Amino acid sequence: MKNIILAEASSTGNSTAECLKGCELFVEDNVSNKVYFVNQDNVIMLDSELLVEDVIQWNDQFDSSPVKLDLLMDSNELCIVLANGQVVTMDIESHAICSACFLGEECSAASWSPDQAFLTAVEGDRIVFYDRCFEIVGDWSV
1 MKNIILAEAS STGNSTAECL KGCELFVEDN VSNKVYFVNQ DNVIMLDSEL
51 LVEDVIQWND QFDSSPVKLD LLMDSNELCI VLANGQVVTM DIESHAICSA
101 CFLGEECSAA SWSPDQAFLT AVEGDRIVFY DRCFEIVGDW SV
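Number 142 marks the last residue of the sequence shown (UniProt numbering); no jumps.
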């Protein structure tokens, strides 16, 4: 279900549908039963009833669209990879937003390994493998 794109949202409350406008990426936290959506401007947190619990504005300082959203379970953070190669994290408890690093180049796609130990990113004409500290551990030219 990671390739689902939200094309339309409807709700009995207008605020939920309006908040989810433009969201193409989401991740579910099975521990807290929350769902996180991200669009160009906000991280939207839905509760277990799929009602908007919080909207966190995150893109004031980042001028790029998100290409990947994941929940890093061991650090309790959302990890947002942006098209310009920037990696942004957000603590899901405090909502503190931090710029974790810049990957080498613009990023068209990214994915974490199942154990979340490695990030694979497509950067231009190469595929780059990063560890959890965002150090390059390997790359492959396409």
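We treat Cβ as the ideally placed atom computed from N, Cα and C, and that holds for glycine. It should be emphasised that the depicted structure is a prediction, and the values quoted were computed from it without experimental measurement.
Exercise. Below 9 Å between beta carbons: does that hold for Gln116 and Cys101?
Worked result: The sequence position of residue 116 within the sequence shown is 116, counting from 1. The sequence position of residue 101 within the sequence shown is 101, counting from 1. Result no, Cβ atoms of Gln116 and Cys101 do not sit closer than 9 Å.
Exercise. Buried or exposed: which applies to Ile136, given that a residue is buried once 16 or more other Cβ atoms fall within 10 Å of its Cβ?
Worked result: For the purposes of this step, residue 136 is identified with residue 136 of the sequence shown, where counting begins at 1. The residue is exposed, with fewer than 16 neighbouring Cβ atoms inside 10 Å.
Exercise. Does DSSP put Ala117 in a helix, a strand or coil?
Worked result: Working through the sequence shown from its first residue, we reach residue 117 at position 117. If DSSP states are grouped into helix, strand and coil, Ala117 belongs with coil.
For this session: Verify whether the separation of the beta carbon atoms of Val43 and Leu78 is less than 9 Å.
Result: Taking the first residue of the sequence shown as 1, we reach residue 43 at position 43. Taking the first residue of the sequence shown as 1, we reach residue 78 at position 78. Their beta carbons are under 9 Å apart, which means Val43 touches Leu78 by this criterion.
Exercise. Counting along the chain, where does the beta strand (DSSP E) carrying Phe134 start and finish?
Worked result: Stepping through the sequence shown from its first residue, residue 134 is reached at position 134. No residue range can be given for Phe134, since it is assigned to no beta strand (DSSP E) and is classified by DSSP as neither H nor E.
Problem set entry | Candidates Cys98, Ser99, Val31 and Ile127: closest to Ser111 by CA position | For the purposes of this step, residue 111 is identified with residue 111 of the sequence shown, where counting begins at 1. Considering only alpha carbons, the answer is Ile127.
Exercise. Of all the options Leu72, Ser113, Ala121 and Gly138, which has the alpha carbon lying nearest to the alpha carbon of Leu82?
Worked result: The residue labelled residue 82 in the question sits at position 82 within the sequence shown. Of the candidates Leu72, Ser113, Ala121 and Gly138, the one whose C-alpha sits nearest the C-alpha of Leu82 is Ala121.
Exercise. Using 8 Å as the Cβ pair cut-off and three pairs as the minimum, do the region 68-75 and the region 18-30 touch?
Worked result: Touching, yes, given that three or more Cβ pairs across the two stretches are closer than 8 Å.
Problem set entry | Distance between Met90 and Ile56 (C-alpha atoms, nearest Å) | Along the sequence shown, one-based indexing puts residue 56 at 56. Along the sequence shown, one-based indexing puts residue 90 at 90. Spanning the two alpha carbons is a distance of roughly 10 Å.
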